[in-house]
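A.B. asks: Below is a structure I'd like to ask you about.
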Amino acid sequence: MALARRRQCQALVATLLSAQALQAPTVSRPRRHISMSAAAGVVKAAPQVITIDPIGTLVRRAGPEGLLYRDALLAATGLMLPRPDIFQGVYEQAYAAAGPRFGTNSEGAEAWWKKVTKATYDGVLTAEPVVYDADELALYESAFDDIFRSLHDDLTLSDEAWVVDPDAPRLLSALRQWRDYGGPRIVAATDHFDDRLEQLLANLLGGDCVAATFDHVVTGTGQASCFDITTSTMDVQDAACKHVAVADDGRCPYDTLVVDPRDYENERSDDARGSLLDLLDDWGLERAEGDDVVVTSRTYSVYDAEYPGFDGENMEQA
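Shown next as structure tokens:
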């Protein structure tokens, strides 16, 4: 009887509170994230804005860019072409010689990339010791516009050119949930890519994922960096922003969280996180089952000072 009476009282209180809530005015309050350690008295406020440079963190190149150019030319013309490493070298020279990046003058991104593409192919087809006859060169010239269009609109934005970090979907899912339930006010993708960045992300991550995750996709060109554009369009102090990138960009006015998911042999900077999911720890977000902590030789070497004689980087000598 006592239990039944208590449940009746609880139901009555719940009804009264619901009625009061319906009549109460709605007050907009700053959203805050309370970390899992809040029970111990530690409350971690979320940054108001999180910007992510997706290149190198969420997505990274699948291989040498020059190889795409070689494959496209080969498919269109069937010409006998130099080795991929030679092609890559010519591409890098053409890229470096193209002058200031697009946006610094009246030249748009597409025209800039077309110049790089033409210089790459011209450099390969006129280099010694391979000599192409007039018919072969005419075949290339007649096919160039279609080759460039395929590269610019398709191949360089596809999974042939890029790979998605395996932890990217999980991180973006956590960010969406955090933002929607008390986390940062804005999540933006920012990079000094050209205006195809949003299409690239949609191709690799899915259009629905990009639309649901990023409030803005910002690209900086010319004299205006992506950070200038971000700061000018978001009413927030720099100190309230966090930036995620594969390296610390001196132009970035925000505190940068460096994430370099490449293999340790690529010499990550000392402050770099080895996994995108390490950001969950930075922000006090709970790891889900399956969010494994990646252990590398860098992890072992951190303990060397406390445990002399154990150095994961020199295990062959043990």
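Mapping to the UniProt record's numbering: the sequence shown position 281 is 281, numbers consecutive. For each residue, glycine too, the CB sits at the ideal point set by N, CA and C. Bear in mind the structure is a predicted one, so any value in this text is a computation, not a measurement.
1) Would you call M80 buried or exposed, if buried means 16 or more other Cβ atoms sit within 10 Å of its Cβ?
2) According to DSSP, is D145 helix, strand or coil?
3) Does L175 come within less than 7 angstroms of chain D when only Cβ atoms are used?
4) Is the region 153-168 in contact with the region 180-194, if contact means three or more CB pairs nearer than 8 angstroms?
5) What residues in its chain sit with their C-beta under 6 angstroms from that of Y132, if we drop five residues either side in the sequence?
6) Taking 7 angstroms as the limit between beta carbons, can you name the residues of its chain near L279, skipping five residues before and five after?
7) For D235, which three-state DSSP category applies?
8) Taking the beta strand (DSSP E) that L257 belongs to, which residues open and close that run?
9) Between T299 and G220, what straight-line distance do the alpha-carbon atoms span, to the nearest angstrom?
10) By DSSP, does R170 sit in helix, in strand, or in coil?
11) Contact check, Q88 vs L67 under 8 angstroms by CB: the rounded distance?
12) Just list the alpha helix (DSSP H) runs in the region 63-128, keeping only unbroken ones of 4 residues or longer that don't cross its boundaries, in chain order.
13) Residues in the same chain with beta-carbon distance under 7 angstroms from S150, minus the five sequence neighbours each way, listed in chain order, please.
14) Mind checking whether D191 and D85 have CB atoms under 7 angstroms apart?
15) Taking the straight line between their C-alpha atoms, what separation do you get for A111 and A45?
16) Let me check you understand the geometry: is the CB of D248 closer than 6 angstroms to at least one non-hydrogen atom of the ligand ADP?
17) Closest to Q93 by CA distance: which of G123, Y69 and A239 is it?
18) Could you tell me which of A109, W162 and Q177 sits nearest to G56, measuring between CA atoms?
19) Could you check which residue in T120, T230, A138 and S173 has the C-alpha nearest to that of C209?
20) DSSP state of R61, grouped into three classes?
21) In whole angstroms, what is the alpha-carbon distance linking A97 and L139?
22) Quick check on the DSSP output: the alpha helix (DSSP H) that includes A247 runs from which residue to which?
23) My output table needs one value for W162: the three-state DSSP class, helix, strand or coil.
24) Using 10 angstroms around the beta-carbon of K118, count the other beta-carbons present and answer buried if the total reaches 16, otherwise exposed.
25) Can you give the Cα-Cα distance for S246 and A134, rounded to whole angstroms?
26) Using only the alpha-carbon positions, how far apart do R251 and F227 sit?
27) For L175, does the count of other Cβ atoms within 10 angstroms reach 16, so buried, or fall short, so exposed?
28) Is A189 helix, strand or coil by DSSP?
29) Between which two residues does the alpha helix (DSSP H) carrying residue 320 extend?
C.D. replies: With the given structure in hand:
1) Classification for M80: exposed.
2) It is helical.
3) Given the protein chain composition of this structure (a single chain), no chain D is represented.
4) Put simply, the region 153-168 does not touch the region 180-194. Fewer than three CB pairs are less than 8 angstroms apart.
5) Close CB contacts of Y132 within its chain, under the 6 angstroms cut and outside five residues either way in sequence, are with L125 (chain order).
6) So the list reads L171, V244, L257, V259 and R273, once near-sequence residues are dropped.
7) D235: coil per DSSP, three-state reduction.
8) Taken as a continuous stretch (DSSP letters only), the beta strand (DSSP E) holding L257 covers D255 to V258.
9) Low local confidence applies: a pLDDT of 39 at T299 is under 50, so the model's placement there is unreliable, and no value is given.
10) Shown here, R170 sits in a helix according to DSSP, grouped into three states.
11) About 7 angstroms; that satisfies the 8 angstroms criterion.
12) List check, alpha helix (DSSP H) in window: 65-77, 84-97 and 109-125.
13) For S150, where only same-chain residues beyond five positions count, the Cβ hits under 7 angstroms are A72.
14) The answer is no: Cβ separation not under 7 angstroms.
15) So the alpha carbons of these two residues sit roughly 45 angstroms apart.
16) Absent from the structure shown: the ligand ADP. Ligands present: none.
17) Of G123, Y69 and A239, the residue nearest in Cα terms is G123.
18) For G56, the closest C-alpha among the options A109, W162 and Q177 is that of W162.
19) Relative to the Cα of C209, the nearest Cα in the group T120, T230, A138 and S173 belongs to S173.
20) DSSP, reduced to helix, strand and coil, places R61 within a strand of the structure shown.
21) Looking at the two C-alpha atoms, the distance is approximately 26 angstroms.
22) That residue, A247, is in no alpha helix (DSSP H); it is neither H nor E in DSSP.
23) DSSP places W162 in strand when its eight states are reduced to three.
24) So K118 counts as exposed.
25) In the sequence as presented, Ser is not what sits at residue 246; that position holds Val. Between the alpha carbons of V246 and A134 lies a distance of about 46 angstroms.
26) If I take the Cα positions, the gap works out to 7 angstroms.
27) By the neighbour-count definition (other C-beta atoms within 10 Å, threshold 16), L175 is a buried residue.
28) Looking at A189 - three-state DSSP - the assignment turns out to be strand.
29) Look at the range of the chain in this structure, 1 to 318, and you will see that residue 320 is not part of it.
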